[in-house]
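Peer 1: Pasting a structure here, questions to come.
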Amino acid sequence: MITGCPGIVVVPLLSHLGSTPIFLGRIREIRRQRDACIIQRLYFPEHPTDDERVFAATSAYVAQFYARGLASPQPSHVAPAPRAASTLAPEAESSIQAAMHAELRAIREERDRLRCELVDSRAEVADYRELQTELTRARARVAHLDREMARLSAELDRVHKRARNLAHP
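All residue numbers for the sequence shown refer to the UniProt record's numbering, where the first residue is 1 and numbers rise by one.
Written as structure tokens, this is what we have:
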């Protein structure tokens, strides 16, 4: 650590033969920005993600199978082949769609809950890392104070010895 400047720590880099100074304030700022980015990634239903759009399109595609009695969907550029009426009654179709919507709703709620847990756990990890950094600083400070006490104790012993030598020539 550079003497008199606790905001600078020298960290050895594997890619270099020397060390490089790291400014702790900058590290904290980067962590704050990262945490803000994590919070900004929270789910907002009015702005679906690309994955959600793909999931919705897939769900609509799968719903076509239910609506057609599990028959393959007809391409839009080909005239549909005549076929028998749907094997499912309208009540059954609506109950299937309601079940699908309920399942989708449950999946979205679970996804939202997991996202919140993820944000919370990332915040806990950031706090844990900051505590580890503080603990490392405290240990370094204790080691420094131990060395200082040993130096002062040795100095005191030398002074006592000199005083004894002066008293008993």
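Note that the Cβ used here is the ideal one computed from N, Cα and C, for glycine as well.
With DSSP run on the structure shown, which of helix, strand or coil describes His101?
Peer 2: Here residue 101 refers to the residue found at position 101 when the sequence shown is read from its first residue. Three-state DSSP puts His101 in a helix.
Peer 1: Alpha carbon to alpha carbon, what distance is there between Gln132 and Arg147?
Peer 2: Counted from its first residue, the sequence shown places residue 147 at position 147. Counted from its first residue, the sequence shown places residue 132 at position 132. Taking the straight line from one Cα to the other gives about 23 Å.
Peer 1: Beta carbon of Arg34, beta carbon of Ala163: below 9 Å?
Peer 2: To locate residue 34, count along the sequence shown from 1; it is residue 34. To locate residue 163, count along the sequence shown from 1; it is residue 163. Not a contact, by the Cβ cut-off of 9 Å.
Peer 1: Secondary structure at Thr49, three-state DSSP: helix, strand or coil?
Peer 2: Along the sequence shown, read from residue 1 onward, the residue named residue 49 stands at position 49. Note: Thr49 maps to coil in three-state DSSP.
Peer 1: Please state whether DSSP places His168 in a helix, a strand or coil.
Peer 2: Reading the sequence shown from its first residue, position 168 is the one you call residue 168. Of the three classes helix, strand and coil, the one that applies to His168 here is coil, per DSSP.
Peer 1: Expressed to the nearest angstrom, what Euclidean distance is found between the alpha-carbon atoms of Arg129 and Val142?
Peer 2: Residue mapping note: residue 129 aligns to position 129 of the sequence shown, counting from 1. Residue mapping note: residue 142 aligns to position 142 of the sequence shown, counting from 1. Arg129 and Val142: Cα-Cα distance of roughly 20 Å.
Peer 1: Just the Cα atoms here: how many angstroms apart are Arg113 and Asp51?
Peer 2: Here residue 113 is taken as the residue at index 113 of the sequence shown, counted from 1. Here residue 51 is taken as the residue at index 51 of the sequence shown, counted from 1. Roughly 17 Å between the two C-alpha positions.
Peer 1: Helix, strand or coil for Lys161 per DSSP?
Peer 2: The residue labelled residue 161 in the question sits at position 161 within the sequence shown. Helix, per DSSP.
Peer 1: Expressed to the nearest angstrom, what Euclidean distance is found between the alpha-carbon atoms of Glu93 and Ala56?
Peer 2: Along the sequence shown, read from residue 1 onward, the residue named residue 93 stands at position 93. Along the sequence shown, read from residue 1 onward, the residue named residue 56 stands at position 56. Glu93 and Ala56: Cα-Cα distance of roughly 19 Å.
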